[in-house]
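Just so you know, the working numbering puts 155 at position 140 of the sequence shown, and the rest follows in order with no gaps. Glycine is no exception: its CB is placed at the ideal position from the N, C-alpha and C atoms. Only a predicted model underlies this, so the values are computations on that prediction, with no experimental measurement involved.
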Amino acid sequence: MANSIMASSSKPLIFLSSNQPTRLPQIPKFSKLPQIPKPISSSSDLRTKTLSFSSATVKSLALIAAFAPPSMAEAMEKAQLFDFNLTLPIIVVEFLFLMFALDKVYYSPLGNFMDQRDASIKEKLASVKDTSAEVKELDDKAAAIMRASRAEIAAALNKMKKETQVEVEEKLAEGRKKLEVELKEALVSLEKQKEETIKALDSQIASLSEDIVKKVLPS
């Protein structure tokens, strides 16, 4: 029965000898766990954080390799046999992780800040345009008020000119009338004085002629 089972099985059975000791996988002991890098502030910090991150990644990969199944260990041995270096993929993974971290920590907040600033600038420009329209409207209203006030002032000046002109003409007419009356009175008085002087002269001439006649002609 056992021989038939062994013959029917296609895969050969591997018998472990009791003489070989069983080796348990050893867990590597680390003094400190790898720390997550803080946000990078300068180029020197970038280099130090990159180096620490790469060392932490190497330690984590070593830990994964220690607990890896036999198939993965065999694949790694085959890669070593064919001189396949895993440094380049590790560097690529580290670079991609670094770019992802920079995008989340630095570039995304910076982009959001720039977008918010652009939006605020656009809002300020729009508000300035709105205020410019209001200022233009106020200027138009002020110009209309100035035109209306100038028209009112011009109308008031014209009215005052007309009123003063009428008053001046009335006063001139009154003055002319007074002058005419005074002239008439002066002419009348002059005529009276003329007549009186003529009468006085006539009487004097008559008396003088009589005196002359008396003197010339003896009695």
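What is the rounded straight-line gap between the Cα of residue 123 and the Cα of residue 149? Taking the first residue of the sequence shown as 1, we reach residue 123 at position 108. Taking the first residue of the sequence shown as 1, we reach residue 149 at position 134. Those two C-alpha atoms are separated by around 39 Å.
From the beta carbon of residue 210, is the nearest beta carbon of chain D less than 7 Å away? The displayed structure is made up of one protein chain only, and chain D is not part of it.
Which first and last residues belong to the alpha helix (DSSP H) in which residue 108 is found?
-> Within the sequence shown, the letter at position 93 stands for residue 108. Here the alpha helix (DSSP H) through residue 108 covers 102–117.
Measure the alpha-carbon distance for residue 181 versus residue 190 and round it to whole angstroms. Along the sequence shown, read from residue 1 onward, the residue named residue 181 stands at position 166. Along the sequence shown, read from residue 1 onward, the residue named residue 190 stands at position 175. Between residue 181 and residue 190, the C-alpha separation is close to 14 Å.
By DSSP, does residue 232 sit in helix, in strand, or in coil? Here the question's residue 232 lines up with position 217 in the sequence shown. Coil, per DSSP.
Nearest-angstrom Cα distance between residue 223 and residue 209?
-> In the sequence shown, residue 223 corresponds to position 208, counting from 1. In the sequence shown, residue 209 corresponds to position 194, counting from 1. So the alpha carbons of these two residues sit roughly 21 Å apart.
- Task: Measure the alpha-carbon distance for residue 107 versus residue 116 and round it to whole angstroms.
- Result: By 1-based counting over the sequence shown, the position of residue 107 is 92. By 1-based counting over the sequence shown, the position of residue 116 is 101. Between residue 107 and residue 116, the C-alpha separation is close to 14 Å.
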